[in-house]
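Quick notes on the structure that follows.
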Amino acid sequence: MKKQKTSCDPTYKNIRILINDKPAIAVYDSGANVSLINYNFWKSLCHMFFLTLFILEYRSLGQYTQRLRSANISEIIRLHSSE
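In structure tokens, the structure reads:
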């Protein structure tokens, strides 16, 4: 069995651990229990969340510019027809 490498992080009171050569975080809760969180899972979950936000913002921006374009064209047609 490999010895696990640990390093203390006093700022956040967690311990970074390598489990099977993959990073994980051991977080202290209010009791004396320590729970292990798979770091890669939360990192990928966070990336998916921000990617989804970016896609939604990009789509809404596209819809907004489309409305602006159609408004400008109709405005030009109205002005041109009134001459």
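For the sequence shown, numbering that gives the first Met the number 0 begins at 0 and goes up steadily by one. The C-beta atom is built at its ideal place from N, Cα and C for all residues, glycine as well.
CA-CA distance, residue i and residue j?
i	j	result
leucine 52	serine 80	42 Å
serine 73	phenylalanine 48	38 Å
glutamine 62	glutamate 56	10 Å
isoleucine 76	threonine 64	18 Å
Curious, which full-length beta strand (DSSP E) runs of at least 3 residues does the region 37 to 66 contain? Runs of the beta strand (DSSP E) inside the region 37 to 66: none found.
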